[in-house]
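*Asks:* Residue numbering for the sequence shown follows the UniProt record's numbering, starting at 1 and increasing by one per position. Here a beta-carbon is modelled for each residue, glycine too, at the ideal position from N, C-alpha and C. Remember, predicted model here, so these are calculated numbers, not experimental data.
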Amino acid sequence: MSVLSNMAAVHPEARKMKTILTLVTVALLAAATPSFAADPQAELIQQAETAAKTWMTLTDAGKFGESWERAGTFFKTGIAKNTWETGIRSLRAPLGPVKMRELKSTEYATTLPGAPDGEYVVIQYETQFENKKSATETITPMREKDGSWKVSGYFIR
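(1) With DSSP as the reference, label Ala135 as helix, strand or coil.
(2) Sorted by chain position, which residues of the same chain lie with C-beta nearer than 6 Å to Arg101's C-beta, five sequence neighbours on each side aside?
(3) Identify which residue in Lys99, Val122, Ala109 and Gln46 has its Cα closest to the Cα of Ser140.
(4) From the DSSP output, read off the bridge partner residues of residue 159.
(5) By how many angstroms is the C-alpha of Thr138 removed from the C-alpha of residue 186?
(6) Taking the DSSP output, what are the residues bridged to Thr111?
(7) Under the rule that 16 or more other beta-carbon atoms within 10 Å means buried, what is Thr83, buried or exposed?
(8) Which stretch, first to last residue, makes up the beta strand (DSSP E) that contains Glu85?
(9) Can you tell which of Ser67, Ser105, Phe64 and Arg70 has the C-alpha that lies nearest to the C-alpha of Thr136?
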C-alpha cells in the first residue's frame with residue numbers, strides 16, 4: 001500500500017491528491033503514441049517545461065510549501081498545503097536526492113480524465129535518486145487564465 005493510499009484513509013484531502021496523480025497517469029497511458037509530424041505547440045511545450053523545471057527545483061530542495069504556493073489553481077484546490085507538504089515529504093525522503101533527471105517525453109493535451117478542459121503538457125522524466133536507481137516522474141503543467149504555466153499534477157512511479 002502506498003503512502004498516498006495510507007494518507008487517503010486518514011485525510012480526505014489526500015484522496016484528492018491521489019485522484020490528481022492518478023489522472024495524470026491515465027493521461028500518459030492514453031497519450032503514449034509517438035508523433036512524427038512537426039509539433040505546432042512547440043513554444044507552449046517549451047514554456048510548460050520551463051515552469052516544470054522551476055517547480056522541480058523547489059521540490060528537489062525540499063521547499064515543499066513553496067512548491068505548493070507556486071503550483072496551479074487546480075493543484076491547490078485539490079490538496080491543502082499541509083497535506084501536500086506531509087505527503088510529498090514522506091514520498092521523497094526515502095528516495096534521497098536526485099542524482100540524474102532526463103527528459104523522456106512531452107505531450108500537449110487539451111483534455112485529461114478527471115480534470116477541466118484546458119491546456120496541459122504532460123512531461124515525463126527518467127529520474128535517478130540516490131536510493132532508487134530508476135523512476136519515472138510525471139509533471140503536468142496547466143496553462144492558467146493569465147497565460148502562465150503552473151504545475152497541476154506530480155507523480156513518481
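*Replies:* Considering the structure as presented:
(1) Here residue 135 refers to the residue found at position 135 when the sequence shown is read from its first residue. Note: Ala135 maps to strand in three-state DSSP.
(2) On the sequence shown, position 101 is the one that residue 101 refers to. Once the five neighbours on either side are set aside, the close Cβ partners of Arg101 are Tyr125 and Thr127.
(3) Start at 1 with the first residue of the sequence shown, and residue 140 comes out as number 140. Reading off the sequence, residue 140 comes out as Thr, not Ser. Closest in alpha carbon position to Thr140, among Lys99, Val122, Ala109 and Gln46, is Val122.
(4) Because the chain is modelled from 1 through 157, residue 159 falls outside the range shown and cannot be assessed.
(5) Since the displayed the chain opens at 1 and closes at 157, residue 186 lies outside it and no answer follows.
(6) Here residue 111 is taken as the residue at index 111 of the sequence shown, counted from 1. Thr111 pairs with nothing; no bridge assigned.
(7) Within the sequence shown, numbered from 1, the residue matching residue 83 stands at position 83. Label assigned to Thr83: buried.
(8) Position 85 of the sequence shown, counted from the start, is the residue given in the question as residue 85. Not the beta strand (DSSP E): Glu85 falls in the alpha helix (DSSP H), residues Lys81 to Arg92.
(9) If you number the sequence shown from 1, residue 136 lands on position 136. It is Ser105 whose Cα lies nearest to the Cα of Thr136.
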